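Engineer: In the order they appear, the protein sequences are chains B and C. Sequential numbering of the first sequence, starting at 1, is according to full-length UniProt numbering. Sequential numbering of the second sequence, starting at 1, is according to full-length UniProt numbering. Backbone N, C-alpha and C define an ideal beta-carbon position, used for all residues, glycine too. Since this is a predicted model, take the numbers as computed values, not measurements. Below is a structure I'd like to ask you about.
Protein chains: 2
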Amino acid sequence: MNSNTMPLPVADEDIEHVALDEDYVLTPAFVEKVVDAADDGDGLKLRGLLEDLHPADVADLMGFLTAEHRAVVTLWLPPDLLAETLPELDDGIREEVLERVPHLTLAEALQELDSDDAAAVVEDLEQDQREKVLAAMPEVDRAAIESSLGYAEDSAGRLMQREVMAAPQFWNVGDTIDHVRAQGEELPELFFDIYVVDPLNRPVGGVPVSRLLRTPRATPLSEIMDPVNEIAVDQDQEEVAYIFEKYHLISAPVIDSAGRLVGQVTVDDIVNIIQEENREDILRLAGVADEDRGSSVSEIVRGRVPWLAINLATAVLGASVIGWFEGTIQEIVALAILMPIVSAIGGNAGTQALTVTVRALATRELNSSNAPRTFWREMLVGMANGLVLAPLIGVATAFWFWDEDWRIGLVIAAAMVLNLLVAATVGVLTPLTLSRLKFDPAVSSAVFVTATTDFFGFLIFLGLATVVLL
Amino acid sequence: MNSNTMPLPVADEDIEHVALDEDYVLTPAFVEKVVDAADDGDGLKLRGLLEDLHPADVADLMGFLTAEHRAVVTLWLPPDLLAETLPELDDGIREEVLERVPHLTLAEALQELDSDDAAAVVEDLEQDQREKVLAAMPEVDRAAIESSLGYAEDSAGRLMQREVMAAPQFWNVGDTIDHVRAQGEELPELFFDIYVVDPLNRPVGGVPVSRLLRTPRATPLSEIMDPVNEIAVDQDQEEVAYIFEKYHLISAPVIDSAGRLVGQVTVDDIVNIIQEENREDILRLAGVADEDRGSSVSEIVRGRVPWLAINLATAVLGASVIGWFEGTIQEIVALAILMPIVSAIGGNAGTQALTVTVRALATRELNSSNAPRTFWREMLVGMANGLVLAPLIGVATAFWFWDEDWRIGLVIAAAMVLNLLVAATVGVLTPLTLSRLKFDPAVSSAVFVTATTDFFGFLIFLGLATVVLL
């Protein structure tokens with residue numbers, strides 16, 4: 001967790017350093033300056049440009065640079081700024097930067113960070129580099145990092161910081177304030193709640209720091225504490241984020257299986273989790289595996305080609321449906337012209353229903369108590385969509401192909417209504433089923449939905465046409 | 001802003017009230033109990049079930065109920081719990097609930113809320129109800145709400161709370177603590193940073209409350225304060241969220257055009273904004289206008305049909321391309337069977353590139369300094385995707401239609417590579433162009449991208465076939 005220090009957008013006289021625009025985004029002009037200095041190998045100029053930046057801005061800058069320029073910047077970054085920048089970097093870029101930092105420099109840098117941030121960096125090191133770096137650290141820091149890495153990835157244990165401010169339940173406000181004054185150095189750099197614990201170190205309540213400040217010294221903590229919601233150390237980070245978001249929490253105590261206080265999670269880490277989960281959902285719906293600015297072309301292709309290949313297979317399946325009706329198409333070529341319309345609308349309506357359902361599952365607005373109602377609502381929506389769109393395309397088609405057979409309009413209208421019902425069904429049931437089976441409802445849903453609407457779109461349209469028109 | 005009080009998951013002996021599972025989600029069994037009590041008109045039982053819930057859980061419960069059951073629950077909810085629940089409700093449900101609450105009850109309830117929450121509720125009232133409610137409130141509360149509503153929707157002014165803890169820059173730690181003790185009642189219920197202001201009330205720094213607590217009383221604030229990032233009162237909430245996320249802020253001061261402190265934004269409101277913006281992006285990419293659990297079927301259809309209608313129009317455009325090649329298809333029906341494959345893969349690859357680009361724009365990872373690089377990277381990815389997939393479909397097609405003309409395999413392979421380049425181009429340039437023109441890059445991008453890949457997919461495949469095969 002960082003303190004909320006940050007550079008103010010710099011005043012006009014300081015024109016040399018105008019790195020950020022009024023929205024705190026790096027200006028292209030500043031990025032250009034860094035690129036020029038890196039190209040010239042002008043290390044002093046580079047350091048001058050970088051040293052006043054906030055670590056988050058350095059990380060941002062790295063994302064805008066090429067790998068070659070990042071190497072030069074890494075070399076000239078002041079060591080303490082490098083340390084604070086590491087946890088802010090995109091995964092791909094962090095791995096690349098870490099390969100270039102000598103392990104002794106790294107061991108020193110990591111001691112400056114909170115245990116959760118240091119662990120996140122060590123996690124990304126290659127096995128042999130990790131061993132060297134940990135060996136070069138003091139015992140206490142090494143133990144903290146190893147304990148953090150002992151928890152499952154994406155668990156509260158990995159997310160928490162071990163530093164907490166705890167107070168025994170028999171203390172009063174004055175005792176607590178005196179303790180904070182005396183122990184200042186060993187406490188977390190920033191904290192928002194004081195956790196009140198029983199003799200077994202189990203949290204029994206929490207007191208916001210601002211409340212402590214405004215309450216008379218003689219008041220017992222037990223009189224001003226609120227109930228706290230405890231986070232289990234093995235709880236998934238997505239669930240932790242849900243709890244923070246729902247109850248507007250700023251921090252929460254983490255407990256082990258015996259209920260003892262072992263750390264705390266703070267809201268600034270949660271904001272990152274929320275963005276990460278949202279990013280995953282939105283990319284997975286589009287069939288993109290995780291990629292970021294640091295990903296190489298071959299990494300990106302490896303992440304995207306599998307979905308395109310699956311899509312190719314399902315498209316061939318759809319095509320073979322068309323193959324069954326070769327004879328019908330040979331007689332009425334208009335059908336070949338019109339059939340993509342039926343499948344396109346079905347695919348889009350299915351994707352709408354799918355996206356709404358995936359989102360409702362992600363925010364836990366949808367569960368077994370309202371799933372049937374949601375399903376029927378989507379069926380009604382599909383029916384209503386059909387009743388609006390089918391007449392449009394039906395009449396247009398009837399006029400378009402009047403000379404051949406106006407009844408093609410009837411066929412396409414009926415096919416569209418039926419395929420919109422297929423779309424609603426598969427759009428809702430696919431993510432619900434995946435979720436029930438404990439799979440991520442966003443993964444592979446979209447391919448399955450459009451494959452189904454293509455398949456049935458072609459089948460219904462060409463099938464009806466064969467029956468009605470031939 | 002709420003304090004972080006919340007119900008603990010209830011112990012076993014209290015089985016009557018087990019509303020939440022271990023992840024703090026309402027259990028279907030509890031929802032069922034509420035529905036039964038509402039059906040029986042058993043108001044006392046209903047109140048017993050509800051009164052111990054956290055407002056966020058009541059809001060959640062409302063989302064799982066039908067409108068009829070919500071009406072009964074609203075009637076039996078204790079007034080103070082109703083007040084705190086209102087800001088937590090989905091927009092659609094809040095409007096529905098507000099219609100059922102008498103304006104005197106509402107005027108009383110709103111006085112319990114912070115100014116930003118109260119304003120958010122009043123905003124949703126019908127004009128005549130709004131006037132009645134405001135007229136029934138004390139002057140000071142009314143003024144606060146009216147001032148908040150005077151700022152633009154989605155601006156920092158609307159988001160902020162007016163209550164802040166400010167301290168003159170010549171105070172020391174002891175002065176500040178004594179002031180908090182003395183003025184307790186007039187300060188915000190919770191605060192995380194103390195803003196240090198100059199004689200013109202302009203923020204010059206910030207001190208986290210925990211740092212105040214651990215610093216000796218004689219230390220001047222100016223020695224321990226950090227620079228703060230100021231939020232302009234008219235700044236868009238999306239920009240405010242970006243700043244909070246980037247710099248891991250817990251709270252930030254809001255200033256007017258003269259630089260004077262007028263309020264503060266806290267991170268718990270930002271978490272909601274981030275979720276709202278993510279929700280908008282993900283739904284807009286799928287062509288769904290804003291809808292939530294409270295939306296009626298007709299509202300949902302009105303939000304979705306326009307996109308389907310636009311999609312219908314573009315599908316007709318694609319179909320007319322096929323129409324140009326009626327003669328070719330009549331001679332080689334295999335083309336009708338294969339053409340949806342080319343357009344499907346193009347559409348999917350385009351959507352991948354589009355989604356990645358929209359996401360990068362939303363998180364400001366993409367701007368004019370790396371746009372050309374991003375474009376070329378996507379072109380390389382498109383080319384690589386093509387080189388992987390085209391041989392697959394080319395060879396498969398050559399065997400499939402060996403008896404007719406194996407060169408169809410060559411044609412489909414070439415068409416696929418070309419259409420993947422079209423997909424990469426349009427997938428990146430569409431959102432970049434919309435963003436440059438200050439439009440939301442998520443809106444209507446997907447329809448345009450798939451329309452383009454359909455159009456060119458058909459044109460390239462059927463065109464090449466006409467030239468090569470006839």
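Does T374(C) pass the burial test, meaning 16 or more other C-beta atoms within 10 Å, or should it be called exposed?
Structural biologist: T374(C) is buried by the Cβ-count criterion.
Engineer: Assess, as a yes-or-no matter, whether the stretch 108-125 of chain C is touched by the stretch 148-163 of chain C under the definition of 3 or more beta carbon pairs within less than 8 Å.
Structural biologist: With a cut-off of 8 Å, the stretch 108-125 of chain C and the stretch 148-163 of chain C count as touching, because enough Cβ pairs lie within range.
Engineer: For R217(C), which residues from the same chain have a beta carbon less than 6 Å from its beta carbon, with the 5 sequence-adjacent residues on both sides left out?
Structural biologist: The residues are V173, G174.
Engineer: In whole angstroms, what is the alpha-carbon distance linking D14(B) and L82(B)?
Structural biologist: Caution is warranted here: a pLDDT of 45 is assigned to D14(B), below 50, making its placement in the model unreliable, and the coordinate value is therefore given only provisionally. Spanning the two alpha carbons is a distance of roughly 24 Å.
Engineer: Using a Cβ cut-off of 8 Å (strictly closer), state whether G318(B) contacts chain C.
Structural biologist: Yes - at least one Cβ of chain C is within 8 Å of the one on G318(B).
Engineer: Throw me the rounded Cβ distance for the G318(B) and D454(B) pair, which I believe falls under 8 Å.
Structural biologist: Indeed they touch by this definition, with Cβ atoms about 4 Å apart.
Engineer: Unbroken alpha helix (DSSP H) runs of length 4 or more, entirely within the stretch 24-76 of chain B: which are they?
Structural biologist: DSSP runs (the alpha helix (DSSP H)) wholly in the stretch 24-76 of chain B: 28-39, 43-50, 55-64, 67-76.
Engineer: List, in order along the chain, the chain C residues whose C-beta lies closer than 8 Å to that of R377(B)?
Structural biologist: Within chain C, the residues near R377(B) are V297, I300.
Engineer: With distances taken between CB atoms, is the gap from L26(C) to L50(C) smaller than 8 Å?
Structural biologist: Contact flag unset, no.
Engineer: Using 8 Å as the threshold, is the C-beta distance between N311(C) and I345(B) below it?
Structural biologist: Cβ atoms of N311(C) and I345(B): closer than 8 Å.
Engineer: Out of curiosity, what's the CA-to-CA distance linking E291(C) and A390(B)?
Structural biologist: Computed Cα separation, rounded: 24 Å.
Engineer: Using 8 Å as the limit for Cβ to Cβ distance, is residue 495(B) near chain C?
Structural biologist: Given that chain B is displayed from residue 1 to residue 470, the structure contains no residue 495(B) and the question cannot be resolved.
Engineer: Using a Cβ-Cβ distance cut-off of 8 Å, determine whether T466(C) contacts chain B.
Structural biologist: So, not an interface residue.
Engineer: Please identify the residue among V265(C), G382(C), R100(C) whose C-alpha is closest to the C-alpha of R158(C).
Structural biologist: Out of V265(C), G382(C), R100(C), V265(C) has the C-alpha closest to the C-alpha of R158(C).
Engineer: Could you give the first and the last residue of the continuous beta strand (DSSP E) run that contains D193(C)?
Structural biologist: 193-197 is the extent of the beta strand (DSSP E) around D193(C).
Engineer: Please classify L249(C) as buried or exposed, where buried requires at least 16 neighbouring CB atoms within 10 angstroms.
Structural biologist: L249(C) should be labelled buried.
Engineer: Which residues, taken in chain order from the stretch 310-341 of chain B, show a beta carbon closer than 7 Å to some beta carbon of chain C?
Structural biologist: Cβ contacts with chain C: N311, L312, A315, V316, G318, A319, I322, G323, E326, I329, Q330, V333, A336, I337, L338, P340, I341.
Engineer: Please report the straight-line C-alpha distance between T5(B) and Q161(C), rounded to a whole angstrom.
Structural biologist: Annotation note: pLDDT 44 at T5(B) (below 50); position unreliable, coordinate value reported separately. Each residue's alpha carbon lies about 22 Å from the other.
Engineer: Give the residues of chain C in contact with K132(B), contact being defined as C-beta atoms less than 8 Å apart.
Structural biologist: Going along chain C, no residue has its Cβ under 8 Å from K132(B), so there is no contact; the nearest lies around 30 Å.
Engineer: According to DSSP, simplified to helix, strand and coil, what is T219(C)?
Structural biologist: Coil, per DSSP.
Engineer: With 8 Å as the threshold, decide whether the Cβ of Y247(C) is near any Cβ in chain B.
Structural biologist: For Y247(C), the answer is yes, since a Cβ of chain B falls inside 8 Å of its Cβ.
Engineer: In terms of DSSP beta bridges, what is V208(C) paired with?
Structural biologist: Per the sequence presented here, residue 208(C) reads as Pro, with Val not at that position. In the DSSP output, where bridge partners are listed per residue, P208(C) has D193(C).
Engineer: Could you tell me which residues DSSP pairs with P168(B) in its beta bridges?
Structural biologist: Paired residues: V197(B).
Engineer: By how many angstroms is the C-alpha of I412(C) removed from the C-alpha of residue 474(C)?
Structural biologist: Given that chain C is displayed from residue 1 to residue 470, the structure contains no residue 474(C) and the question cannot be resolved.
Engineer: Which residues does DSSP list as the beta-bridge partners of T266(C)?
Structural biologist: Paired residues: S251(C).
Engineer: Does the stretch 70-80 of chain C touch the stretch 30-50 of chain C, meaning 3 or more C-beta pairs lie closer than 8 Å?
Structural biologist: The answer is yes - the stretch 70-80 of chain C touches the stretch 30-50 of chain C, with three or more Cβ pairs under 8 Å.
Engineer: So N278(C) and N229(B) are in contact, right, with Cβ under 8 Å, and what is the actual spacing, rounded?
Structural biologist: Going by Cβ atoms, the distance from N278(C) to N229(B) rounds to 24 Å, so no, they are not a contact pair.
Engineer: Are the beta-carbon atoms of N385(C) and P28(B) separated by less than 8 Å?
Structural biologist: Contact flag unset, no.
Engineer: Going along the chain, which unbroken runs of the alpha helix (DSSP H) with 4 or more residues stay wholly within the stretch 91-163 of chain C?
Structural biologist: Fully enclosed alpha helix (DSSP H) runs of 4 or longer: 91-98, 103-110, 115-123, 127-135, 139-149, 156-159.
Engineer: Do the stretch 238-246 of chain B and the stretch 81-95 of chain B meet, that is, are 3 or more Cβ pairs less than 8 Å apart?
Structural biologist: The answer is no - the stretch 81-95 of chain B does not touch the stretch 238-246 of chain B, with fewer than three Cβ pairs under 8 Å.
Engineer: Residues bridged to P203(B) by DSSP?
Structural biologist: Answer is V197(B).
Engineer: Would you identify the three-state DSSP class for L20(C), choosing helix, strand or coil?
Structural biologist: L20(C) falls in the strand class under three-state DSSP.
Engineer: Would you say the stretch 441-449 of chain C touches the stretch 397-410 of chain C, given that touching needs at least three Cβ pairs under 8 Å?
Structural biologist: Contact between the stretch 441-449 of chain C and the stretch 397-410 of chain C is absent, because fewer than three Cβ pairs lie under 8 Å.
Engineer: I need the straight-line Cα distance from L187(C) to D193(C), nearest angstrom please.
Structural biologist: Spanning the two alpha carbons is a distance of roughly 12 Å.
Engineer: Count Cβ pairs between the stretch 317-335 of chain C and the stretch 420-437 of chain C that sit closer than 8 Å; are there 3 or more?
Structural biologist: Flag = no, the stretch 317-335 of chain C and the stretch 420-437 of chain C do not touch.
Engineer: According to DSSP, L261(B) sits in a beta bridge with which residue or residues?
Structural biologist: DSSP lists I255(B) as partners of L261(B).
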